[in-house]
Amino acid sequence: MESSDWELVQKCQAGKIDAFQELVSRYHQKIYTVIVGLLRNREDALEVAQETFFRAYRKIKSFQGGSSFYTWLYRIAVNIAIDSQRRQKRNPLDFRETMDGLFEEQNEVAKDPFSDVHDRELREKLVSAINDLTPEHKAVIILRTVEGLSYKDIGEILGCSEGTVMSRLHYARKKLQQKLSVFL
Amino acid sequence: MREDCERTRESLSRWVDGDLSASDAEAIRLHLGSCAACDGERRQLEKLEFSLKSVLVSDVPRIDFEPFWAGVRERIKKKPSRREAIMEWSRSTFTPPALVWTVPAVIVVLLGVLSMNSFWRLGWQRNNFAAVESIDAHGRNVALLREDETKTTVIWLYQNQEGEDESSGENAETTPSF
Numbered sequence: 195m196e197s198s199d200w201e202l203v204q205k206c207q208a209g210k211i212d213a214f215q216e217l218v219s220r221y222h223q224k225i226y227t228v229i230v231g232l233l234r235n236r237e238d239a240l241e242v243a244q245e246t247f248f249r250a251y252r253k254i255k256s257f258q259g260g261s262s263f264y265t266w267l268y269r270i271a272v273n274i275a276i277d278s279q280r281r282q283k284r285n286p287l288d289f290r291e292t293m294d295g296l297f298e299e300q301n302e303v304a305k306d307p308f309s310d311v312h313d314r315e316l317r318e319k320l321v322s323a324i325n326d327l328t329p330e331h332k333a334v335i336i337l338r339t340v341e342g343l344s345y346k347d348i349g350e351i352l353g354c355s356e357g358t359v360m361s362r363l364h365y366a367r368k369k370l371q372q373k374l375s376v377f378l
Numbered sequence: 008m009r010e011d012c013e014r015t016r017e018s019l020s021r022w023v024d025g026d027l028s029a030s031d032a033e034a035i036r037l038h039l040g041s042c043a044a045c046d047g048e049r050r051q052l053e054k055l056e057f058s059l060k061s062v063l064v065s066d067v068p069r070i071d072f073e074p075f076w077a078g079v080r081e082r083i084k085k086k087p088s089r090r091e092a093i094m095e096w097s098r099s100t101f102t103p104p105a106l107v108w109t110v111p112a113v114i115v116v117l118l119g120v121l122s123m124n125s126f127w128r129l130g131w132q133r134n135n136f137a138a139v140e141s142i143d144a145h146g147r148n149v150a151l152l153r154e155d156e157t158k159t160t161v162i163w164l165y166q167n168q169e170g171e172d173e174s175s176g177e178n179a180e181t182t183p184s185f
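Residue numbers (this note's numbering), protein chains in the order written: chain A, 195 to 378; chain B, 8 to 185.
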């Protein structure tokens with residue numbers, strides 16, 4: 195039977211690195227997806243994702259199971275990503291360029307779900323509108339839309355109340371809607 | 008805009024997320040059924056959610072686990088440099104809430120020094136006591152002054168004037184006479 199996260203955490207705390215490897219295999223893709231959304235750069239996201247697991251490993255002895263392991267992990271990831279984004283202050287165009295490159299790759303290898311010109315334009319505008327959000331607003335959108343996390347979990351990850359999560363989500367969606375009103 | 012339209016639009020985001028109570032969700036559903044404008048708003052929001060998901064999820068490449076894990080493992084095995092170790096220690100020690108202990112600890116130490124002096128008359132300040140301690144590299148100091156006759160204690164935080172050299176700060180540690 196598959197071990198629960200908490201059982202694996204306890205094994206990690208006892209020094210078993212195999213248990214940590216199992217936790218990494220469970221969450222690496224999810225963490226990477228969230229960080230790509232926040233950082234807008236795939237290479238940087240890979241670095242930050244690895245750093246997230248490294249820091250989690252170092253701090254795992256302090257994890258007491260008060261929250262679920264994944265909220266704890268997401269919290270580390272989001273903090274590092276927001277920190278790194280603020281430090282680097284990269285040109286937002288990086289993401290558009292990276293994502294444009296990806297769209298072209300997809301066109302070559304698979305059918306593009308946004309093959310229609312209108313949808314392609316919508317996608318470009320959407321990426322640009324996401325880039326214009328603050329890191330905090332971007333984080334709530336990503337954690338809710340991509341991960342489908344509850345307001346309570348998002349609040350735990352971002353260190354704010356459920357009410358704040360709610361209002362940030364409302365504001366971020368309004369902003370995106372305004373910028374994309376022609377396409378929606 | 009009608010009042011119920013306004014209320015509906017404020018809650019629409021939570022409705023889409025399924026975060027409303029059953030009765031509130033039902034009220035919204037009924038309103039949407041009878042109000043084309045609010046229903047249009049709902050459609051926009053749902054399309055936005057769908058598009059966001061498409062962009063944020065389907066565009067992220069799958070990453071191979073093995074090389075990813077190798078990168079993490081390499082970091083774990085790497086011995087941190089002296090600088091990294093110091094940074095890590097200071098981060099864990101001097102960030103709230105870890106920092107909370109320092110204020111009472113400093114007060115206890117200072118009071119302890121004062122008590123020792125008044126009970127045992129250590130001799131290094133028979134009547135009055137003064138000490139200046141530098142807190143950090145930015146010229147901030149704490150001065151402790153104790154006047155024995157009136158039992159007055161003053162704890163004074165101050166910063167060196169800009170341009171004041173280090174030696175003047177060190178000189179300040181000498182015990183002044185009252």
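Note that CB positions come from ideal geometry on N, CA and C, so glycine has one too.
Proximity of A213 (chain A) and S198 (chain A) at Cβ, strictly below 9 angstroms: no
Let me check understanding here. Comparing Cα to Cα, which of B:V62, B:F72, B:L118 and B:R36 lies closest to V321 (chain A)? B:V62
Starting from G349 (chain A), find everything on chain B with Cβ-Cβ shorter than 9 angstroms and list it in chain order. By Cβ distance, chain B contributes nothing, its closest Cβ being about 12 angstroms from G349 (chain A), past 9 angstroms.
Give the residues from the region 48-64 of chain B that approach chain A closer than 9 angstroms (Cβ to any Cβ), ordered along the chain. E48, R50, Q51, L52, K54, L55, E56, S58, L59, K60, S61, V62, L63 and V64
Among B:L117, B:D155 and B:S122, nearest to V139 (chain B) - alpha-carbon criterion: B:L117
Taking the alpha-carbon positions, what's the Y165 (chain B) to R249 (chain A) distance? 38 angstroms
Nearest to E13 (chain B) by alpha carbon, out of B:E95, B:S30 and B:H38? B:H38
Any C-beta of chain B sitting closer than 9 angstroms to the C-beta of G231 (chain A)? yes
Assign F57 (chain B) to buried or exposed, taking buried as 16 or more other Cβ atoms, counted over all protein chains shown, within 10 Å of its Cβ. exposed
Could you run through the region 196-228 of chain A and flag, in chain order, every residue whose CB is less than 7 angstroms away from some CB of chain B? Q215, V218, S219, H222, Q223, Y226 and T227
Delimiting residues of the alpha helix (DSSP H) encompassing A366 (chain A): E356 to K373
Length of the line joining the Cα atoms of I254 (chain A) and Y268 (chain A): 14 angstroms
Which residue from A:V311, A:S261 and A:E237 puts its Cα closest to that of V203 (chain A)? A:S261
Give me the Cα-Cα distance between D238 (chain A) and H364 (chain A), rounded to the nearest whole angstrom. 29 angstroms
Can you list, in chain order, the stretches of the beta strand (DSSP E) that have 3 or more residues and sit fully within the region 226-292 of chain A? none
Suppose you measure from the CA of A243 (chain A) to the CA of G119 (chain B); what does that come to, to the nearest Å? 48 angstroms
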